[in-house]
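**Student:** Before I ask anything, here is the structure I am working with.
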Amino acid sequence: TCALPILRIAFGPRQALYYERHGVLPGNVIDVGSCYGHVKQFCDSTPPAASRRFLGAREQGPCLFFDTGYVLRGYLAQSEQARIVRSVLEVMRKRPNSSLLVKAHPNHKSGLLEALLLERPKNAVLVPSKSLPFHAINACDVLLTKDSTLGQIGRAHV
(Lines of atoms letter the chains of each structure in order from A and count residues from 1; the text may use other names and numbers.)
(Lines give C-alpha, C1' and ligand atoms only; values in the text may rest on other atoms or scores of the structure.)
Protein backbone atom coordinates (compact mmCIF):
# COMPACT_ATOMS: atom_id res chain seq x y z
CA THR A 1 0.00 0.00 0.00
CA CYS A 2 1.00 3.57 -0.58
CA ALA A 3 0.55 6.09 2.24
CA LEU A 4 -0.59 9.42 0.91
CA PRO A 5 0.55 12.53 2.77
CA ILE A 6 -2.06 14.68 4.48
CA LEU A 7 -1.95 18.07 2.83
CA ARG A 8 -2.90 21.19 4.77
CA ILE A 9 -4.34 24.30 3.20
CA ALA A 10 -2.82 27.45 4.70
CA PHE A 11 -4.51 30.81 4.39
CA GLY A 12 -1.33 32.86 4.29
CA PRO A 13 2.22 32.56 5.62
CA ARG A 14 1.26 32.84 9.30
CA GLN A 15 -0.88 29.74 9.11
CA ALA A 16 1.73 27.92 7.02
CA LEU A 17 4.25 28.66 9.76
CA TYR A 18 1.74 27.46 12.39
CA TYR A 19 1.41 24.12 10.61
CA GLU A 20 5.18 23.75 10.25
CA ARG A 21 5.67 24.49 13.96
CA HIS A 22 3.21 21.70 14.71
CA GLY A 23 5.05 19.06 12.73
CA VAL A 24 3.53 19.36 9.26
CA LEU A 25 6.29 19.09 6.67
CA PRO A 26 6.63 22.25 4.53
CA GLY A 27 6.02 20.22 1.37
CA ASN A 28 2.64 19.18 2.78
CA VAL A 29 1.42 22.76 3.25
CA ILE A 30 -0.26 24.55 0.36
CA ASP A 31 -0.36 28.30 0.97
CA VAL A 32 -3.31 29.71 -0.97
CA GLY A 33 -3.00 33.20 0.44
CA SER A 34 -5.75 34.96 2.31
CA CYS A 35 -8.50 37.38 1.50
CA TYR A 36 -8.29 38.26 5.20
CA GLY A 37 -4.60 39.13 5.13
CA HIS A 38 -5.23 42.55 6.62
CA VAL A 39 -6.87 41.20 9.82
CA LYS A 40 -3.56 41.52 11.66
CA GLN A 41 -3.20 45.18 10.72
CA PHE A 42 -6.79 45.81 11.78
CA CYS A 43 -6.28 44.08 15.13
CA ASP A 44 -2.95 45.83 15.69
CA SER A 45 -4.49 49.27 15.06
CA THR A 46 -7.87 48.84 16.77
CA PRO A 47 -8.22 48.37 20.54
CA PRO A 48 -10.39 45.34 21.43
CA ALA A 49 -12.62 47.62 23.54
CA ALA A 50 -13.38 49.68 20.42
CA SER A 51 -14.42 46.53 18.55
CA ARG A 52 -16.60 45.47 21.49
CA ARG A 53 -18.29 48.90 21.51
CA PHE A 54 -18.80 48.71 17.73
CA LEU A 55 -20.51 45.31 18.09
CA GLY A 56 -22.53 46.24 21.18
CA ALA A 57 -20.76 43.76 23.46
CA ARG A 58 -19.66 44.33 27.05
CA GLU A 59 -16.33 46.16 27.18
CA GLN A 60 -15.21 44.27 30.29
CA GLY A 61 -15.12 40.56 31.02
CA PRO A 62 -14.37 37.57 28.82
CA CYS A 63 -15.65 37.61 25.25
CA LEU A 64 -16.35 34.48 23.22
CA PHE A 65 -16.79 34.63 19.44
CA PHE A 66 -19.00 31.77 18.23
CA ASP A 67 -18.94 30.86 14.56
CA THR A 68 -22.10 28.75 14.17
CA GLY A 69 -20.71 26.82 11.20
CA TYR A 70 -22.26 26.07 7.84
CA VAL A 71 -24.93 23.38 7.51
CA LEU A 72 -23.69 21.10 4.78
CA ARG A 73 -24.40 17.42 4.27
CA GLY A 74 -21.53 15.29 5.53
CA TYR A 75 -19.98 18.20 7.42
CA LEU A 76 -22.50 19.76 9.80
CA ALA A 77 -26.11 18.65 10.12
CA GLN A 78 -28.83 21.13 11.04
CA SER A 79 -29.64 19.07 14.15
CA GLU A 80 -25.98 19.15 15.18
CA GLN A 81 -25.83 22.92 14.68
CA ALA A 82 -28.99 23.32 16.79
CA ARG A 83 -27.52 21.23 19.65
CA ILE A 84 -24.30 23.23 19.57
CA VAL A 85 -26.11 26.59 19.51
CA ARG A 86 -28.40 25.58 22.40
CA SER A 87 -25.42 24.39 24.43
CA VAL A 88 -23.39 27.55 23.85
CA LEU A 89 -26.37 29.76 24.73
CA GLU A 90 -26.94 27.78 27.93
CA VAL A 91 -23.30 28.17 28.96
CA MET A 92 -23.50 31.91 28.35
CA ARG A 93 -26.72 32.27 30.38
CA LYS A 94 -24.66 31.11 33.37
CA ARG A 95 -21.97 33.72 32.64
CA PRO A 96 -23.76 37.09 32.57
CA ASN A 97 -20.48 38.99 33.02
CA SER A 98 -19.17 37.57 29.74
CA SER A 99 -20.04 38.46 26.16
CA LEU A 100 -20.96 36.13 23.33
CA LEU A 101 -20.59 37.23 19.72
CA VAL A 102 -22.59 34.97 17.39
CA LYS A 103 -21.95 34.97 13.65
CA ALA A 104 -23.64 32.68 11.17
CA HIS A 105 -21.92 31.64 7.96
CA PRO A 106 -22.57 34.23 5.19
CA ASN A 107 -24.35 31.58 3.08
CA HIS A 108 -26.46 29.96 5.79
CA LYS A 109 -30.14 29.39 5.08
CA SER A 110 -32.37 31.47 7.34
CA GLY A 111 -34.77 29.73 9.65
CA LEU A 112 -33.82 27.44 12.52
CA LEU A 113 -30.74 29.34 13.63
CA GLU A 114 -32.60 32.64 13.83
CA ALA A 115 -35.41 30.96 15.78
CA LEU A 116 -32.90 29.58 18.30
CA LEU A 117 -31.24 32.97 18.65
CA LEU A 118 -34.53 34.70 19.50
CA GLU A 119 -34.10 33.11 22.93
CA ARG A 120 -30.50 34.26 23.35
CA PRO A 121 -29.35 35.75 26.66
CA LYS A 122 -28.80 39.51 26.94
CA ASN A 123 -25.03 39.07 26.86
CA ALA A 124 -25.22 37.53 23.36
CA VAL A 125 -24.80 39.81 20.34
CA LEU A 126 -25.54 38.86 16.76
CA VAL A 127 -22.83 39.80 14.30
CA PRO A 128 -24.41 40.27 10.84
CA SER A 129 -23.72 37.10 8.86
CA LYS A 130 -22.73 39.00 5.71
CA SER A 131 -20.26 41.25 7.54
CA LEU A 132 -16.52 40.68 7.73
CA PRO A 133 -15.42 39.14 11.05
CA PHE A 134 -12.64 41.67 11.81
CA HIS A 135 -14.27 43.36 14.80
CA ALA A 136 -15.41 40.04 16.28
CA ILE A 137 -11.95 38.48 15.94
CA ASN A 138 -10.40 41.58 17.49
CA ALA A 139 -12.92 41.74 20.34
CA CYS A 140 -12.84 38.13 21.46
CA ASP A 141 -10.71 36.25 23.94
CA VAL A 142 -11.88 32.85 22.71
CA LEU A 143 -12.98 31.70 19.26
CA LEU A 144 -15.35 28.73 19.18
CA THR A 145 -15.72 27.16 15.74
CA LYS A 146 -15.79 23.93 13.88
CA ASP A 147 -12.95 23.91 11.35
CA SER A 148 -13.70 26.78 8.99
CA THR A 149 -12.05 29.61 7.09
CA LEU A 150 -12.94 31.95 9.93
CA GLY A 151 -11.34 29.52 12.35
CA GLN A 152 -8.20 29.31 10.28
CA ILE A 153 -7.90 33.11 10.13
CA GLY A 154 -8.88 33.65 13.73
CA ARG A 155 -6.43 31.04 15.01
CA ALA A 156 -3.56 33.36 14.16
CA HIS A 157 -5.08 36.33 15.96
CA VAL A 158 -6.96 35.08 19.04
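Each residue of the sequence shown is one higher than the last, beginning at 94 in the working numbering.
Where is the CB? At the ideal position from N, CA and C, for every residue including glycine.
Keep in mind it's a predicted model, so treat the numbers as computed, not measured.
Among R179, Y112, H115, Y168, which residue has its Cα nearest to the Cα of F159?
**Tutor:** Of the listed residues, the one whose Cα sits closest to F159 is R179.
**Student:** Determine the extent of the alpha helix (DSSP H) in which S300 is found, giving its start and end residues.
**Tutor:** Past the boundaries of the shown model lies residue 300; the chain is included only from 94 to 251, so the question cannot be answered.
**Student:** Please list the terminal residues of the continuous alpha helix (DSSP H) segment that includes C136.
**Tutor:** From DSSP, the alpha helix (DSSP H) with C136 extends over 132-138.
**Student:** Within the same chain, show all residues whose beta-carbon is closer than 8 Å to that of E212, passing over the 5 residues directly before and after it, in chain order.
**Tutor:** Only L182 meet the Cβ criterion.
**Student:** With distances taken Cα to Cα, identify the nearest neighbour of V132 among Q108, L169, L219, P119.
**Tutor:** The residue with the shortest Cα to Cα distance from V132 is Q108.
**Student:** In chain order, what residues of the same chain lie with their CB nearer than 8 Å to the CB of L100, ignoring the 5 residues before and after it?
**Tutor:** Around L100: N121, V122, I123.
**Student:** According to DSSP, is F147 part of a helix, a strand, or is it coil?
**Tutor:** DSSP places F147 in helix when its eight states are reduced to three.
**Student:** Name the residue from Q174, D234, V235 whose alpha carbon lies nearest to the alpha carbon of H201.
**Tutor:** The shortest C-alpha separation from H201 is found at Q174.
**Student:** Taking the CB atoms as reference points, tell me whether G162 and I177 lie closer together than 9 Å.
**Tutor:** Contact: yes.
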